[in-house]
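For the working numbering, add 884 to where a residue sits in the sequence shown, where the first one is 1. All C-beta atoms, glycine included, are put in the ideal place defined by N, C-alpha and C. Only one structure is covered here, and it is reproduced in the block below.
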Amino acid sequence: MPTVDTVTGPLPTSALGRVLMHEHVFVLNHEYARNYPETWDDAARTEDAVSKLDALADAGIDTIVDLTVLGLGRDIERVRAVAERTRVRVVVATGFYTFTELPTYLRLRGPGRMIGGDDPMEDMFVRDIEVGIAGTGIRAGILKCATDAPGVTPDVERVLRAVARAHLRTGAPISTHTDPRTARGLDQQRIFREEGVDLTAVVIGHSGDTTDLDYLQRLLDAGSYLGMDRFGLEPLLSFDDRVRTVAELCARGYAERMVLSHDASCHSHNFDPAYRAEHMPDWHFTHITDAVLPALRERGVGDEQIDAMLVGNPRRIFEAASDGRAQRSGIEKRWSDLSG
Ligand SMILES: [Zn+2]
885 MPTVDTVTGP LPTSALGRVL MHEHVFVLNH EYARNYPETW DDAARTEDAV SKLDALADAG
945 IDTIVDLTVL GLGRDIERVR AVAERTRVRV VVATGFYTFT ELPTYLRLRG PGRMIGGDDP
1005 MEDMFVRDIE VGIAGTGIRA GILKCATDAP GVTPDVERVL RAVARAHLRT GAPISTHTDP
1065 RTARGLDQQR IFREEGVDLT AVVIGHSGDT TDLDYLQRLL DAGSYLGMDR FGLEPLLSFD
1125 DRVRTVAELC ARGYAERMVL SHDASCHSHN FDPAYRAEHM PDWHFTHITD AVLPALRERG
1185 VGDEQIDAML VGNPRRIFEA ASDGRAQRSG IEKRWSDLSG
């Protein structure tokens, strides 16, 4: 039976239900929290997160994928404290989020760098997926990387290649951050292809931030899924444009190749709740169920297509990973039978 790792244990992929493929429990800047403790209230934020995720369960969503990795303040103990108390299942990620440079620790290590040695990131990611994160035994279910307007800088390329190699070793799917206005998804596909990644294992994220159908068509033709995953983030693209683009791609037969999400968080250290309320009032977890699904239906998107985007596609993405895992452990077992 194919399974996916969640914070609260392995889950059969058949039980994933309706999935939001790109969200965050907490986006956190630990240095600020540690040095300016008035900027972060752990107990209050935990309570608030549980109630926001329970509201999401009430709205009919069963699972979220929390794409908070290093660079965004991943803190697995804090996520566990929330996940253990809510009805929504949480899949967590490994990888690295940077638009330009890695932090010094990683910049100094790796081939051609001052301290040298192998690139440590690939093994870090594989350990998070196969052993667990920070000694908790909680395994990451997906890999994440980012390419924004600055393009494929040397450090961004390192992250993309480490993610690709960790994917090839573990089978875990890849989900990305892109800047679609500079067509960064195509850069990511090129590097993944060079590394031998099957592009059907890749979700090119933030693809819903553009109305450029030619660009989106190129990503689809290469085999990847599109993350239409920033609903509610109006300052970047309007509600109508986001809905129209998804409806148009559904009409062209691509419902089986898109996933939906908000890229929202229970709390982001970077945005005060008051700022969010004023500037992005719809950027929250239930915007899709409240407003986007009715608007898609109005534009002719059927229930079967909505189920594909929320249920069938996420399940297929994680099932492919699980099948790969089973195959590899079969190969390992045959090897150990041969050598034993
Ligand atoms: Zn995100």
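Cutoff 6 Å; reference residue i; Cβ partners in own chain excluding five residues on either side
i            : result
residue 1152 : 911
residue 1147 : 906, 1113 and 1114
residue 1108 : 1083, 1086 and 1088
residue 1119 : none
residue 946  : 901 and 902
residue 1066 : 1033
residue 1199 : 897 and 900
residue 1039 : 985 and 986
residue 894  : 887
residue 1167 : 1116, 1117 and 1148
residue 1185 : 1131 and 1134
residue 1141 : 1104 and 1109
residue 1224 : Here residue 1224 scores only 45 on pLDDT, less than 50, and its place in the model should not be relied on; the value that follows carries that caveat. Correct list: empty, nothing qualifies.
residue 1176 : 1115
residue 1012 : 978 and 1024
residue 1201 : 1057
Beta-carbon contacts of residue i that lie in its chain and below 8 Å, excluding the five residues immediately before and after
i            : result
residue 1204 : 1055, 1057, 1084 and 1085
residue 957  : 910, 911, 912, 913, 914 and 1153
residue 1014 : 1023 and 1054
residue 1121 : 1092, 1093, 1094, 1095 and 1114
residue 953  : 977, 978, 979, 980, 981 and 1028
residue 917  : 923, 924 and 1153
residue 926  : 962
residue 1129 : 1092, 1094, 1095, 1097, 1100 and 1112
Coil, strand or helix - residue i by DSSP
i            : result
residue 1075 : helix
residue 1023 : coil
residue 1109 : strand
residue 956  : coil
residue 1044 : helix
residue 1224 : Confidence in residue 1224 is poor, its pLDDT being 45 and thus under 50, which makes the residue's placement too unreliable to answer from.
residue 973  : strand
residue 1037 : coil
residue 845  : Here the chain covers residues 885 to 1224 and nothing more, so residue 845 does not appear.
residue 891  : coil
residue 1064 : helix
residue 897  : helix
residue 886  : coil
Supposed close pair residue i, residue j - CB separation, criterion 8 Å
i            : j            : result
residue 834  : residue 966  : A question about residue 834 goes unanswered here, because the residues of the chain that appear run from 885 up to 1224.
residue 1030 : residue 981  : 5 Å
residue 1081 : residue 1048 : 5 Å
residue 999  : residue 1044 : About 22 Å; that fails the 8 Å criterion.
residue 1227 : residue 994  : In the structure as shown, the chain starts at 885 and stops at 1224, and residue 1227 therefore has no counterpart that could be examined.
residue 1100 : residue 1073 : Actually they are not in contact, since the Cβ atoms of residue 1100 and residue 1073 sit about 12 Å apart, beyond 8 Å.
residue 1135 : residue 1193 : Incorrect: roughly 14 Å between the Cβ atoms, too far for contact.
residue 1025 : residue 889  : 5 Å
Any non-hydrogen atom of ligand 2 closer than 7 Å to residue i Cβ
i            : result
residue 1136 : Of the ligands one can find in the structure shown, namely ligand 1, none is ligand 2.
Nonlocal neighbours in the same chain, by C-beta distance under 7 Å from residue i, ignoring five residues either side
i            : result
residue 971  : 938 and 941
residue 891  : 963, 964, 967, 974, 976 and 1022
residue 1211 : none
residue 1041 : 1075
residue 991  : 985, 997 and 1039
residue 1190 : 1177 and 1180
Runs of alpha helix (DSSP H) wholly within the segment 899-953 (minimum 4 residues, chain order)
914-919 and 926-942
When a residue counts only if its C-beta is closer than 7 Å to some heavy atom of ligand 1, which residues count, in chain order?
906, 908, 951, 1061 and 1147
Restricting to runs no shorter than 3 residues, where is the beta strand (DSSP E) found entirely within the segment 1077-1161?
1086-1088, 1109-1112, 1142-1144 and 1149-1152
Please go through the segment 1153-1209 and give each complete alpha helix (DSSP H) segment of 4 or more residues, from N-terminal end onward.
1157-1163, 1177-1182 and 1187-1191
Starting from the N-terminal side, write out each stretch of the alpha helix (DSSP H) that is 4 residues or longer and does not extend beyond the segment 981-1032.
988-991 and 1004-1014
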